[in-house]
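Novice:
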Amino acid sequence: MAKRTFGVIGLAVMGENLALNVESRGFPIAVFNRTATKTEKFMAERAKDKDVKAAYSLEEFVKVLERPRNILVMVKAGKPVDAVIDQLKPLLDQGDTIIDGGNSLYDDTERRTRDLESTGLGFVGMGVSGGEEGALNGPSLMPGGTEAGYKDLEPILVKIAAQVDDGPCVTYIGPGGAGHYVKMVHNGIEYGDMQLIAEAYDILKNGLGLNGQELHQVFSEWNQTEELNSFLIEITADIFTRIDPTTDLPLVESILDAAGQKGTGRWTVVSSLELGVPIPTMYAAVNARVMSAYKDERLAASKLLTGPTAKYEGDKQEFINKIKDALYCSKMCSYAQGMALLSKASSQFNYNINLAETARIWKGGCIIRAGFLDKIKAAFNENPLLPNLLLAPEFKQSILDRSSAWRDVLVVANTLGIAVPAFSASLDYFDSYRRAVLPQNLTQAQRDYFGAHTYERVDKPKGEFYHTEWTKTDELSLQTGTTD
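Just add 1261 to wherever you are in the sequence shown, counting from 1, and you've got my numbering.
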């Protein structure tokens, strides 16, 4: 048998589907799984009559791969990735490349890249988005790490990635952990998007009293619009068509309202705090999932804590249109926050991330694919140094045109007692960003009062720091630095 072009380690669903995707594009592959029975099952049920070579030891697996070897590792993030790398390293030759296609923390990818490059091996940390279907038919791929390793992989990656009107949904993101950082932020935006849709659903169902069929119709119509056309809106519309045979109601109403998370949203929030970039929509989305997990406490509290019970009594269709506008404005803020975080990380970590290309490769395959990504791509192509997406002419005007409806939706939701943390956080972000003066002058005065942390003055050069003895009548004193 001829040498294999590509190898895959790890045959859970994503690994299987990526392996089959590669093989279907004309690249002979080898596969290995720690549990031999899993490999046997894959070969018998999914790889039958495919150009796939099964290996039952890592030594055999490495021997059947042509050089330079390209090996995709699809195992659980964390220690399992390190374990596979440690087992592979003594079997590989200089120029071979290991690809981590899992949702690894970018810091881990930085460490692994440094370690492997020092031995002459390549390492590519590659974000993969699109779920099981995307992995099989065309995901969005976000590879970073060793650039030479990416160049060897490029002929394969451009074939297996999702294809859109302006090319395959893959590009070299940057060195070190850049690929996994971009995937992490993609997932943070995804958290925000999903929470915003959930809040729109909550208002429509519990505020306006829409039933499953009406909800399906609303989301289907929204998915036909330029503003909201997206994968997540599309699947939301589909969800309302599935009827639970036990209750004869939409299945979604029988699903426990406690959302899980695998860590990427939380990692995004932590990184934003470390870099000093506000991403309040994503904070709100992560917090909403955490709050949802308190199901038992919420059940008990619902019997003791009362609130509004009224329904919306105005023109339903008019208000549905306002919810659509509020959702679009909030989504713009969520994407603006994500792109601002990527920009800061790119500068901080020397990733040199191309924001226009990032938006382009999210147009297909990935979970946050949406029609308005073309506009985001165009905005950053026009001005690569754009400090915030909300300042791009089209997005600025879109929000200004819809801001009144956005505010009306929050007023009604609050009046009806419906929590809309991500809608609120998005509007707060917009209102804070657009204001020349915020109340943190008082915060600085308080900090100086209790801790002598000093402050700057609006009528003095920036960089000059002052301290006041607030309990005395002395003049303020000029300080050379802060004590914070």
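Beta carbons: idealized from backbone N, C-alpha and C, even for Gly.
From what residue to what residue does the alpha helix (DSSP H) around M1275 run?
Specialist: Residues V1274 to S1285.
Novice: Between which two residues does the alpha helix (DSSP H) harbouring G1405 extend?
Specialist: Looking at the DSSP string, G1405 is not in any alpha helix (DSSP H); the run it does join, the beta strand (DSSP E), is S1401 to G1406.
Novice: Alpha carbons only, please: which of I1540, E1306 and A1554 is nearest the one belonging to E1451?
Specialist: Looking at the Cα atoms, I1540 is the closest of the given residues.
Novice: Near T1432, which residues of its chain fall below 6 Å by C-beta distance, leaving aside the five closest residues on each side in sequence?
Specialist: Around T1432: E1618 and I1622.
Novice: Quick one: Cα of L1646 to Cα of N1613, how far?
Specialist: Cα to Cα, L1646 sits roughly 12 Å from N1613.
Novice: Excluding the five sequence neighbours on either side, which residues of its own chain have a C-beta within less than 7 Å of the C-beta of E1284, listed in chain order?
Specialist: So the list reads I1290, K1311, D1312 and V1313, once near-sequence residues are dropped.
Novice: Taking all protein chains shown into account, decide if Q1225 is buried (16 or more other Cβ within 10 angstroms of its Cβ) or exposed.
Specialist: Since the first and last residues shown for the chain are 1262 and 1745, residue 1225 lies out of range.
Novice: T1744 by DSSP, collapsed to three states: which one?
Specialist: Note that T1744 scores 49 on pLDDT, short of 50, meaning its location in the model is unreliable and no value can be drawn from it.
Novice: Pick helix, strand or coil for L1333, following the three-state DSSP scheme.
Specialist: In the structure shown, L1333 sits in a strand (DSSP, three-state: E or B).
Novice: How many whole angstroms separate the CB atoms of L1279 and L1333, which I take to be in contact at a CB cut-off of 8 Å?
Specialist: That pair is a contact at about 7 Å.
Novice: Distance check for K1585 and R1663, CA to CA, integer angstroms please.
Specialist: When rounded, the distance between both Cα atoms is 10 Å.
Novice: If I measure Cβ to Cβ from A1706 and keep anything under 6 Å in the same chain, skipping five residues before and after, which residues do I get?
Specialist: If we look at A1706 and ignore the five residues flanking it on each side, it has no Cβ neighbours.
Novice: I1629 to G1449, Cα distance in whole Å?
Specialist: Computed Cα separation, rounded: 10 Å.
Novice: Alpha carbon to alpha carbon, how far is F1633 from L1476? Give it in angstroms, no decimals.
Specialist: Answer to the nearest angstrom: the Cα atoms are 23 Å apart.
Novice: Flag this pair as yes or no: are the beta carbons of K1572 and G1470 separated by less than 8 Å?
Specialist: Against a cut-off of 8 Å, the Cβ pair of G1470 and K1572 comes out as a contact.
Novice: State the start and end residues of the unbroken alpha helix (DSSP H) segment that holds D1361.
Specialist: Not the alpha helix (DSSP H): D1361 falls in the beta strand (DSSP E), residues T1358 to D1361.
Novice: With DSSP run on the structure shown, which of helix, strand or coil describes L1469?
Specialist: Coil at L1469, not helix or strand.
Novice: For the alpha helix (DSSP H) holding F1684, just list the boundary residues, first then last.
Specialist: Run containing F1684: P1682 to R1695, per the alpha helix (DSSP H) assignment.
Novice: Helix, strand or coil: which one does DSSP assign to F1293?
Specialist: DSSP places F1293 in strand when its eight states are reduced to three.
Novice: Below 8 Å between beta carbons: does that hold for R1265 and E1327?
Specialist: A contact, by the Cβ cut-off of 8 Å.
Novice: For T1743 and Y1716, what's the separation of their Cα atoms in angstroms?
Specialist: Below a pLDDT of 50, predicted positions are generally treated as unreliable, and T1743, at 48, falls in that range; no measurement from the model is reported.
Novice: By DSSP, does D1440 sit in helix, in strand, or in coil?
Specialist: The identity of residue 1440 in the sequence shown is Gly, whereas the question assumes Asp. Here G1440 sits in helix by DSSP.
Novice: Could you tell me if V1479 is buried or exposed, where buried requires 16 or more neighbouring beta carbons within 10 angstroms of its beta carbon?
Specialist: Classification of V1479: buried, given that the 10 Å Cβ count is 16 or more.
Novice: Counting pairs of Cβ atoms below 8 Å between the segment 1403-1419 and the segment 1376-1384, do you hit three or more?
Specialist: Flag = yes, the segment 1403-1419 and the segment 1376-1384 touch.
Novice: Could you tell me the distance, in whole angstroms, from the CA atom of R1372 to the CA atom of P1436?
Specialist: In a straight line, the C-alpha of R1372 is about 12 Å away from that of P1436.
Novice: DSSP three-state label for G1386, please.
Specialist: DSSP places G1386 in strand when its eight states are reduced to three.
Novice: Should P1506 be labelled buried (16 or more other beta-carbon atoms within 10 Å of its own) or exposed?
Specialist: By the neighbour-count rule (16 or more Cβ atoms within 10 Å), P1506 is not buried but exposed.
Novice: Which one or two residues does DSSP pair with P1511 in a beta bridge?
Specialist: P1511 pairs with I1504.
Novice: Skipping 5 residues on each side, what residues in its chain have a beta carbon closer than 7 Å to that of S1481?
Specialist: Result list for S1481: A1498, in chain order.
Novice: Give the secondary structure of A1263 by DSSP, where H, G and I count as helix, E and B as strand, and everything else as coil.
Specialist: If DSSP states are grouped into helix, strand and coil, A1263 belongs with coil.
Novice: Which residues in the same chain as N1294 place their Cβ atom closer than 7 Å to its Cβ, once the five residues preceding and following it in sequence are excluded?
Specialist: Closer than 7 Å at Cβ, skipping near neighbours: G1271, L1272 and T1300.
Novice: Once you ignore the five residues that flank P1722 on each side, which residues in its own chain have a CB closer than 8 Å to its CB?
Specialist: Within the same chain, P1722 has no close Cβ partners at all.
Novice: Assign I1614 to one of three DSSP states: helix, strand, or coil.
Specialist: Three-state result, I1614: coil.
Novice: Given this structure, state the Cα-to-Cα distance separating G1268 from N1331, to the nearest angstrom.
Specialist: When rounded, the distance between both Cα atoms is 6 Å.
Novice: Taking three-plus beta-carbon pairs below 8 Å as touching, is the segment 1539-1559 in contact with the segment 1680-1688?
Specialist: Yes: at least three Cβ pairs fall under 8 Å.
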